[in-house]
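What follows is a set of notes on a single structure, which appears directly below.
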Amino acid sequence: MADLMLERRDFIRALTAIGFAAALPAPLLARTRDWAEVSTLFDGLVPDKLPALAAVIGRGTDKGDFLARGRLARDSMVAVNRDTLWRVYSMTKPITGMAAMMLIEDGKLGLDQNIADFIPGFANPRVLTEPDTSLASRAATAPITVRHLLTHTAGLGYSIITRGPLLKEYLRLGITPAALSRTKQLDDTSAPPAPSLKEFADRLATLPLITDPGSRWSYSVSLDLLGRVIEVASGKSFDGFLQERMFDPLGMTSSYWRVPKSEVGRFVTNYWATPQGLTPVDPAASSIYLDQPAFPFGGAGLVMSARDYDRFLLMLMGWGAIKSVRVMKPETARLGMSNLLPQGVTLGAGFPPGTGFGAGGRVATRSIAGGKGEGAYGWEGAAGTVAWVDPARGIRACGFAQFLPFGAFSFQTDFPKAVYAGVA
């Protein structure tokens with residue numbers, strides 16, 4: 001058990017980024033076309049390094065090819081398939097972003113509307129003046145808008161990034177919208193997450209910002225806060241809105257904030273990588289995702305099947321529709337997948353040139369030879385998942401692994417390369 005006492009910041013940092021997965025044999029599940037490079041990538045990781053990998057790759061709005069290797073866990077004999085459940089973590093963010101775009105289409109939200117119209121506590125935001133040493137603050141130069149929440153430019157913090165006294169306040173107030181594991185981490189001094197989305201938003205509104213709204217990109221809890229804006233604007237619960245307006249119409253029947261006990265038999269185990277190998281950090285049978293979350297975490301809360309995430313991507317590739325089922329207008333989908341960063345703001349270090357940000361996901365603002373085309377949109381999840389749509393190249397793809405911390409394996413960068421290597 002000693003090796004499970006993980007350093008909290010390293011453990012939680014894995015929630016935002018890039019990942020790896022697990023290890024055991026199984027044949028390729030499903031006929032594929034020209035994705036030989038993806039198959040080679042999978043064979044190099046499973047079973048020796050990871051228990052399982054899976055992907056759906058589609059051309060345009062076709063059915064898509066499903067590829068997989070491995071099993072639900074290292075000690076399982078059940079092969080992964082299209083309906084296997086994966087923790088998608090931050091790949092929840094584009095889904096939340098597109099939910100907000102629906103309300104913009106409805107006229108219930110404005111892209112540049114002050115969020116204080118929905119959460120009065122944000123009427124007079126303040127900004128830290130001495131972030132390393134105190135909570136001293138000054139008045140912000142601008143209000144927080146819906147655009148800022150969509151693009152991580154609101155100036156909000158994140159417990160995986162924030163430092164100093166503000167981090168202590170985030171932890172004290174339970175501004176930690178994520179479910180990780182039942183494992184106790186050594187330096188975990190945080191309170192339980194706020195008990196509701198309303199309480200989360202109200203507590204967050206009492207704290208100063210890191211930067212002035214609209215001035216800089218900084219990864220944050222903004223998509224979680226956007227869930228509360230969606231609730232107030234729609235008059236429905238955030239999860240209820242998504243179920244009614246997106247999941248049910250699109251046939252996304254395996255998208256869960258809480259995994260039903262009846263579905264544990266198709267849920268993968270999540271692992272932590274150490275020099276000694278992989279350690280189960282959230283076994284499916286006792287997963288924290290079997291519990292009701294404090295509230296639906298719009299930034300990192302969903303567990304989904306590959307089939308369901310591909311349905312979401314298929315809708316985007318269809319500019320808001322799957323066949324005759326339309327959930328948003330083409331112009332709304334195009335806007336959500338465009339670069340929405342405020343004037344003069346860039347993503348900066350850590351992102352390649354030609355990268356912007358749309359509704360909860362990165363956007364390619366120029367084409368890359370042999371890679372993504374201009375307008376490609378998507379995001380990653382902490383435990384090794386990655387997904388995007390590329391209308392210019394006619395490609396949509398989602399890849400799934402299940403491991404922490406990010407960087408232990410390069411699947412999230414290698415998978416897109418392998419996909420484009422197979423594009424004629």
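Mind the numbering: the sequence shown is residues 1 to 424 in UniProt numbering, read in order.
No residue lacks a Cβ here, since even glycine has one placed at the ideal position from N, Cα and C.
The beta-carbon distance between residue 78 and residue 69, rounded to whole angstroms, is 13 Å. This is too long to meet the 8 Å contact definition. Take the alpha-carbon of residue 231 and the one of residue 421: they are about 42 Å apart.
Taking residue 372 as the centre and dropping the five residues before and after it, the same chain places the C-beta of 364, 390 closer than 6 Å to its C-beta, in chain order. Our two residues, residue 225 and residue 245, have alpha carbons roughly 19 Å apart in a direct line.
Rounded to whole angstroms, the Cβ separation of residue 83 and residue 254 is 6 Å, and the two are in contact under 8 Å. Membership of residue 280 in the beta strand (DSSP E) is indicated by the continuous run 277-282.
In the three-state DSSP reduction, residue 158 falls in the coil class, being neither helix nor strand. The residues 97, 98, 101, 358, 359, in chain order, have a CB closer than 7 Å to that of residue 336 in the same chain once the five nearest residues on each side in sequence are set aside. Between residue 175 and residue 193, the alpha-carbon positions lie close to 6 Å from each other.
The C-beta distance from residue 212 to residue 155 rounds to 6 Å, short enough to meet the 8 Å contact threshold.
It is roughly 6 Å from the alpha-carbon of residue 181 to the alpha-carbon of residue 281.
Between residue 128 and residue 166, the CB-CB gap stays under 8 Å. By the Cβ rule, the stretch 341-351 does not count as touching the stretch 283-302, because fewer than three pairs are nearer than 8 Å. According to the DSSP assignment, residue 366 belongs to no beta strand (DSSP E), since it is labelled neither H nor E. Between residue 400 and residue 306, the gap from beta carbon to beta carbon is short of 8 Å.
The beta-carbon distance between residue 257 and residue 195, rounded to whole angstroms, is 15 Å. This is too long to meet the 8 Å contact definition. With contacts defined as CB atoms closer than 8 Å, residue 311 and residue 252 qualify as a contacting pair. Distance from the CA of residue 238 to the CA of residue 95, rounded to the nearest whole angstrom, comes to 12 Å.
Between residue 148 and residue 107 the beta-carbon gap is near 20 Å, outside 8 Å, which marks them as no contact. Of 160, 86, 277, the smallest CA-CA separation from residue 386 is found for 86. Assignment of beta-bridge partners to residue 57 by DSSP yields 65, 397. Of the other Cβ atoms in all chains shown, fewer than 16 fall within 10 Å of the Cβ of residue 276; this residue is therefore exposed. Assignment of residue 322 by DSSP, reduced to helix, strand and coil, places it in the strand class. When only Cα atoms are considered, residue 136 and residue 191 end up about 23 Å apart.
Under the three-state reduction of DSSP, residue 91 is assigned to helix. Your pair residue 317 and residue 60 checks out as a contact, with CB atoms roughly 7 Å apart and the cut at 8 Å. Closest option to residue 294, judged by alpha-carbon separation, among 242, 250, 80, 179: 179.
Every beta strand (DSSP E) of 3 residues or more that sits fully in the stretch 338-390 is shown, in chain order, as 355-357, 362-364, 377-380, 386-390. Distance from the Cα of residue 140 is smallest, within the candidate group 161, 146, 123, for 123.
Rounded to the nearest whole angstrom, the CA to CA distance from residue 242 to residue 163 is 33 Å. For residue 128, the enclosing beta strand (DSSP E) starts and ends at 126-128. Taking the C-beta atoms as reference points, residue 169 is found nearer than 8 Å to residue 207. In terms of Cβ geometry, residue 284 and residue 303 do not form a close pair [threshold 8 Å]. The beta-carbon separation of residue 90 and residue 356, rounded to 17 Å, does not stay under the 8 Å limit for a contact.
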